[in-house]
Amino acid sequence: MKNDSLLIKNARIIGPAAGIEETCDILITGGKISKTGKNISAAGVTVINASGLIASPGFIDLHCHLRQPGYENKETIATGARAAACGGYTTICCMPNTNPPLDSAAVVSHVRDIAAREASFITILPVGCITEGRAGKELTNMAELAATGCIGFSDDGSTVSNNRIMSLAMDNAAVLDLPIIDHCEDVDLSQGGHMNEGWVAVRLGLKGIPAAAEDTIVARDIALCERTGAKLHLTHISTAGSVQLVRDAKCRGLKVTCDVTPHHLTLTHERVMNSQDDPRSSLAYDTNARVNPPLRSPADVEALIRGITDGTIDVIATDHAPHTIEEKLCEFENAVSGIIGFETAFGVLMSLVHTGKISLNALLTCLTTGPASILKNGAGTLNPGARADLTLLDTGYEWTVDAKEFFSKGRNTPFDGCKLKGMVVATISGGFLAFRHNSLRID
Amino acid sequence: MSLSEPRPGTATRETLPNPSIDFWKHRHVLDLDDFSREETDLVFEIAEGMVEILDRDVKKVPTLRGKTIATMFFEPSTRTRASFELAAKYLGADTINLEAARSSVAKGESLIDSLRTLQALEVNAIIMRHPCSGAPYIAARNLDTSIINAGDGCHAHPSQGLLDIFTMRQQLGNLKGRKAVIVGDILHSRVARSNIWGTRHYGMKLVLCAPPTLMPHGLPDMLEKYSLNHVTLEHDLNTAIKNADIVMPLRLQKERQQSGLISSLREYTQGYQVNAARLAGAKPDVLVMHPGPMNEGAEISPEVAYGTRSLIEQQVTNGLAVRMALLYLIAGGKSR
Numbered sequence: 036m037k038n039d040s041l042l043i044k045n046a047r048i049i050g051p052a053a054g055i056e057e058t059c060d061i062l063i064t065g066g067k068i069s070k071t072g073k074n075i076s077a078a079g080v081t082v083i084n085a086s087g088l089i090a091s092p093g094f095i096d097l098h099c100h101l102r103q104p105g106y107e108n109k110e111t112i113a114t115g116a117r118a119a120a121c122g123g124y125t126t127i128c129c130m131p132n133t134n135p136p137l138d139s140a141a142v143v144s145h146v147r148d149i150a151a152r153e154a155s156f157i158t159i160l161p162v163g164c165i166t167e168g169r170a171g172k173e174l175t176n177m178a179e180l181a182a183t184g185c186i187g188f189s190d191d192g193s194t195v196s197n198n199r200i201m202s203l204a205m206d207n208a209a210v211l212d213l214p215i216i217d218h219c220e221d222v223d224l225s226q227g228g229h230m231n232e233g234w235v236a237v238r239l240g241l242k243g244i245p246a247a248a249e250d251t252i253v254a255r256d257i258a259l260c261e262r263t264g265a266k267l268h269l270t271h272i273s274t275a276g277s278v279q280l281v282r283d284a285k286c287r288g289l290k291v292t293c294d295v296t297p298h299h300l301t302l303t304h305e306r307v308m309n310s311q312d313d314p315r316s317s318l319a320y321d322t323n324a325r326v327n328p329p330l331r332s333p334a335d336v337e338a339l340i341r342g343i344t345d346g347t348i349d350v351i352a353t354d355h356a357p358h359t360i361e362e363k364l365c366e367f368e369n370a371v372s373g374i375i376g377f378e379t380a381f382g383v384l385m386s387l388v389h390t391g392k393i394s395l396n397a398l399l400t401c402l403t404t405g406p407a408s409i410l411k412n413g414a415g416t417l418n419p420g421a422r423a424d425l426t427l428l429d430t431g432y433e434w435t436v437d438a439k440e441f442f443s444k445g446r447n448t449p450f451d452g453c454k455l456k457g458m459v460v461a462t463i464s465g466g467f468l469a470f471r472h473n474s475l476r477i478d
Numbered sequence: 013m014s015l016s017e018p019r020p021g022t023a024t025r026e027t028l029p030n031p032s033i034d035f036w037k038h039r040h041v042l043d044l045d046d047f048s049r050e051e052t053d054l055v056f057e058i059a060e061g062m063v064e065i066l067d068r069d070v071k072k073v074p075t076l077r078g079k080t081i082a083t084m085f086f087e088p089s090t091r092t093r094a095s096f097e098l099a100a101k102y103l104g105a106d107t108i109n110l111e112a113a114r115s116s117v118a119k120g121e122s123l124i125d126s127l128r129t130l131q132a133l134e135v136n137a138i139i140m141r142h143p144c145s146g147a148p149y150i151a152a153r154n155l156d157t158s159i160i161n162a163g164d165g166c167h168a169h170p171s172q173g174l175l176d177i178f179t180m181r182q183q184l185g186n187l188k189g190r191k192a193v194i195v196g197d198i199l200h201s202r203v204a205r206s207n208i209w210g211t212r213h214y215g216m217k218l219v220l221c222a223p224p225t226l227m228p229h230g231l232p233d234m235l236e237k238y239s240l241n242h243v244t245l246e247h248d249l250n251t252a253i254k255n256a257d258i259v260m261p262l263r264l265q266k267e268r269q270q271s272g273l274i275s276s277l278r279e280y281t282q283g284y285q286v287n288a289a290r291l292a293g294a295k296p297d298v299l300v301m302h303p304g305p306m307n308e309g310a311e312i313s314p315e316v317a318y319g320t321r322s323l324i325e326q327q328v329t330n331g332l333a334v335r336m337a338l339l340y341l342i343a344g345g346k347s348r
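Keeping their order, the protein sequence lines are chains E and L.
If you use the numbering used here, the first sequence corresponds to residues 36 to 478, in order.
If you use the numbering used here, the second sequence corresponds to residues 13 to 348, in order.
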């Protein structure tokens with residue numbers, strides 16, 4: 036696997052950054068893109084026959100949970116990274132809700148050490164906590180976290196409810212020039228809720244989480260962003276209201292960006308009630324569709340898709356959230372929230388391309404240059420001289436999701452058993468093959 | 013119709029009802045949303061025969077002899093469990109009662125494990141109550157044993173819905189054009205939800221009345237989604253109660269005040285208590301029902317609860333008959 040040089044022949048290049056789309060060859064040497072062009076030949080290199088495949092910059096995930104330290108029964112940095120590579124990701128940003136949380140330089144360094152030792156085949160970037168212990172009370176040493184390599188700050192899983200604390204965090208983040216990545220949820224409104232508020236929740240007798248629980252915090256965050264000048268990134272937004280608020284904020288020139296998950300783009304709250312194949316029970320109460328924020332209404336899904344097409348939404352992030360079987364094989368109300376996403380993201384998202392809802396270019400933008408421009412680390416491009424992070428894609432490959440086959444320890448996906456069209460065939464990170472599908476042709 | 017008049021019933025004292033149950037397809041009883049008119053009528057027809065049996069001095073029949081019925085209650089209940097247990101015993105079944113709070117569940121055993129143990133003990137049906145909505149569905153999906161839902165969270169309470177409608181029919185005959193009002197904490201009520209489904213076949217009007225804070229957001233959408241046009245929502249009880257044939261207040265739980273859903277018991281009783289003055293706005297022969305347990309002085313005044321219009325004790329007896337009918341259909345009708 037360790038080859039110094041790699042030549043990819045006849046790939047269709049879609050580089051949203053460069054705005055090019057053509058069939059050509061890519062030569063990789065020394066971990067960097069050496070050149071791209073027609074009919075490149077080189078001696079003594081490994082040659083990948085990429086006819087019929089698309090070469091995209093490696094995918095970047097701004098939001099995932101690797102669970103280490105503390106919850107190694109759900110996932111480890113190594114298993115999560117394997118799953119990410121399988122899903123086409125060359126850079127992933129892990130959220131700090133571990134145990135202990137990433138609220139100190141020591142824990143962040145620990146995570147980076149494990150990543151360097153056990154998962155160096157892709158790039159793992161930590162997100163630091165906004166507050167100590169994610170408790171929403173006292174700010175972390177944000178400068179030290181930044182110096183240790185954190186690419187942004189988040190108390191993901193919780194919102195910093197106290198407006199003053201959040202405003203102070205944004206003051207600090209503005210000076211550090213790093214984004215505040217907020218999970219927007221007013222807990223007073225969402226308290227005790229299990230799924231989206233609406234007719235399905237009433238039907239199932241489950242307590243609803245209103246869209247307003249998200250919208251109110253999005254509005255607050257935007258107001259604080261305006262006050263502080265910080266970069267605000269709203270993660271896993273799920274409502275039509277959020278999309279509109281972000282659209283307005285962008286029109287006003289505020290430094291607001293946002294991401295959405297593959298499941299919020301493709302599933303509605305009805306998925307909680309109707310599972311794929313469940314003839315023995317009329318109502319599914321499918322705990323694999325329990326996620327926070329919850330799967331929303333069809334109108335919300337439409338608004339999110341419109342947000343992608345008009346550029347309001349910058350990024351698609353997986354919110355890969357692995358859990359154990361036992362944590363999901365229980366009553367819906369007692370099940371933990373979360374859906375794994377790495378290994379299904381591309382196939383699931385391609386359904387939006389195949390049905391004409393979004394363009395392939397828009398999709399790849401949200402998976403590459405969108406997140407890269409928030410990280411500002413030079414990723415997301417196939418230009419010569421760039422680090423050789425790229426993903427080879429077969430957009431027509433049909434397959435059926437089998438969660439048992441995942442690299443991730445998690446099996447908690449509502450897409451298990453789904454027929455998808457679109458497959459990651461190879462993931463190359465820093466010039467090395469981090470993942471190859473068995474259909475990849477190497478000469 | 014007075015309560016002492018003979019009830020319509022078809023079975024003789026000697027025989028169990030023997031209607032055709034070939035079209036009965038339910039392995040489980042989870043809610044009334046998948047009950048057709050014919051199936052609901054069948055339950056009622058059999059229950060009428062059970063009412064006859066309950067009038068006997070010796071109530072026990074051998075229909076379920078050799079069968080074992082388990083009750084597994086994950087939340088406290090006296091009435092419903094006693095009703096199911098007695099129903100099983102009158103049909104000759106052996107019963108086993110597990111109170112989950114005191115059993116291995118308290119030791120951290122999962123729902124599925126607890127139920128699998130029961131299944132391994134070869135019981136014929138499990139009657140299950142659980143504080144979480146949907147728990148019986150998870151059980152039904154993971155077990156081969158028949159599950160009867162005796163109440164799950166805020167979701168469903170099918171045997172209660174059936175006994176309510178059975179009681180209405182017993183008193184009023186044809187329910188076409190009749191108006192029933194369910195008033196109270198609709199937000200948390202599995203009784204109201206099961207009655208929404210159960211009443212849809214009978215040409216009657218069902219009005220759900222609650223303060224705005226105890227009415228679920230999303231209920232109008234759900235009614236529209238399933239074309240449940242017989243149901244209307246109303247916040248004013250005096251309006252709702254006009255021309256009502258049946259009024260059924262729901263228990264108001266004290267926690268609702270603590271969580272801010274109502275400002276005070278005083279406010280609630282002012283607006284929503286079913287008492288004599290309020291009933292004056294309904295039909296003169298209006299009947300009062302209550303799924304129990306009652307909070308006298310809160311959602312219902314004692315003079316109404318124990319007055320001549322009250323069917324509350326009748327509901328308890330009918331509950332037994334309806335549950336016998338369900339057990340007969342699930343565990344006794346034919347081998348499955």
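Ideal placement from N, C-alpha and C gives every residue a C-beta, glycine not left out.
Remember, it's a predicted structure, so these values are computed and weren't measured experimentally.
Tell me which residues share the same chain as A247/E and place their Cβ nearer than 7 Å to its Cβ, disregarding the 5 neighbours each side in the sequence.
The answer, listed in chain order, is L224.
Can you tell me where the alpha helix (DSSP H) with I463/E in it begins and where it stops?
No alpha helix (DSSP H) contains I463/E, which is instead part of the beta strand (DSSP E) from 454-464.
Going by DSSP, what residue range makes up the alpha helix (DSSP H) through F56/L?
Here the alpha helix (DSSP H) through F56/L covers 49-67.
In chain order, what are the residue ranges of uninterrupted beta strand (DSSP E) at least 3 long that sit wholly in the region 287-331 of chain E?
291-295, all fully within the region 287-331 of chain E.
Between the Cα of R476/E and those of I83/E, E337/E, I48/E, A46/E, spot the shortest distance and give me the residue it belongs to.
Closest option to R476/E, Cα to Cα, is I83/E.
Going by Cα to Cα distance, which pick from E173/E, A204/E, A423/E is closest to D39/E?
It is A423/E.
Alpha carbon to alpha carbon, how far is R255/E from H358/E?
If you take the alpha carbons of R255/E and H358/E, they lie about 31 Å apart.
To the nearest angstrom, how far is the alpha carbon of L224/L from that of V350/E?
Note that residue 224/L is Pro in the sequence shown here, rather than Leu. Taking the straight line from one Cα to the other gives about 39 Å.
What's the gap between the Cα of A256/L and the Cα of S239/L?
Straight-line Cα distance between these residues: approximately 22 Å.
Taking 8 Å as the threshold (beta carbon to beta carbon), is A132/L in contact with chain E?
No, A132/L does not count as interfacial toward chain E.
Nearest by alpha-carbon distance to G192/E: which of P328/E, L42/E, I409/E, A334/E is it?
The option with the nearest alpha carbon to G192/E is P328/E.
If you run the structure through DSSP and keep just helix, strand and coil, what is H229/L?
In the structure shown, H229/L sits in coil (DSSP, three-state: anything other than H, G, I, E or B).
Any idea if L133/L is buried or exposed, counting beta-carbon neighbours within 10 angstroms, 16 or more meaning buried?
Looking at its Cβ environment, which holds fewer than 16 other Cβ atoms inside 10 Å, L133/L is exposed.
Got a sec, what are the start and stop residues for the beta strand (DSSP E) N161/L sits in?
Note, N161/L: beta strand (DSSP E), 158-164.
For the alpha helix (DSSP H) containing Y149/L, list its first residue and its last residue.
Run containing Y149/L: 147-154, per the alpha helix (DSSP H) assignment.
Could you tell me if A333/L is buried or exposed, where buried requires 16 or more neighbouring beta carbons within 10 angstroms of its beta carbon?
Its Cβ being crowded by 16 or more others within 10 Å, A333/L is buried.
Could you tell me whether the region 151-158 of chain L touches the region 85-98 of chain L, using the rule of 3 or more Cβ pairs below 8 Å?
No, they do not touch.
For V484/E, which residues does DSSP report across the bridge?
Since the first residue of chain E shown is 36 and the last is 478, residue 484/E is not available in this structure.
Quick check: the Cα distance between L424/L and V336/E, rounded to an integer number of angstroms?
There is no way to answer for residue 424/L, as the model of chain L reaches only from 13 to 348.
Does DSSP put V383/E in a helix, in a strand, or in coil?
V383/E: helix per DSSP, three-state reduction.
Using a Cβ cut-off of 7 Å, which residues of the region 265-288 of chain E contact any Cβ in chain L, in chain order?
Listed in sequence order: no entries.
Note down the Cα distance separating Q326/L from L175/L, rounded to an integer number of angstroms.
Between Q326/L and L175/L, the C-alpha separation is close to 10 Å.
So, are the CB atoms of F85/L and E111/L less than 8 Å apart?
Their beta carbons are under 8 Å apart, which means F85/L touches E111/L by this criterion.
Check for me: the beta strand (DSSP E) holding I212/E runs from which residue to which?
Here residue 212/E is Asp; the residue named in the question, Ile, does not match the sequence. No beta strand (DSSP E) contains D212/E, which DSSP labels as neither H nor E.
Which residues in chain E sit within 9 Å of S410/L, going by Cβ to Cβ distance?
Because chain L is modelled from 13 through 348, residue 410/L falls outside the range shown and cannot be assessed.
What is the residue span of the beta strand (DSSP E) that V243/L lies within?
Note, V243/L: beta strand (DSSP E), 243-246.
Pairs of beta-carbons, one from the region 75-82 of chain E and one from the region 406-424 of chain E, closer than 8 Å: are there three or more?
Too few Cβ pairs lie closer than 8 Å, so no.
Around the Cβ of G72/E, are there at least 16 other Cβ atoms within 10 angstroms (buried) or fewer (exposed)?
G72/E comes out exposed.
If you run the structure through DSSP and keep just helix, strand and coil, what is E57/E?
E57/E falls in the strand class under three-state DSSP.
Is K239/E close to chain L? Criterion is C-beta to C-beta, closer than 8 Å.
The residue you asked about is not Lys; residue 239/E is Leu in the sequence shown. Yes, L239/E lies at the interface with chain L (some Cβ there is under 8 Å from its Cβ).
Check whether the region 338-357 of chain E touches the region 236-243 of chain E, taking contact to mean three or more Cβ pairs, one atom from each stretch, closer than 8 Å.
The answer is no - the region 236-243 of chain E does not touch the region 338-357 of chain E, with fewer than three Cβ pairs under 8 Å.
Determine, for R205/L, whether the minimum Cβ-Cβ distance to residues of chain E falls below 8 Å.
Chain E contact via Cβ: present.
Please report the distance separating the alpha-carbon of R348/L from that of R205/L.
Caution is warranted here: a pLDDT of 38 is assigned to R348/L, below 50, making its placement in the model unreliable, and the coordinate value is therefore given only provisionally. Going by the C-alpha atoms only, they are around 29 Å apart.
How many whole angstroms separate the CB atoms of I343/E and D294/E, which I take to be in contact at a CB cut-off of 8 Å?
Not quite, the Cβ-Cβ distance comes to about 10 Å (not below 8 Å), so this is no contact.
DSSP has K191/L in a bridge; who is on the other side?
Bridge partners of K191/L: K217/L.
Comparing alpha-carbon positions, which option in K266/L, L42/L, L339/L lies nearest A310/L?
With distances taken between Cα atoms, A310/L lies closest to K266/L.
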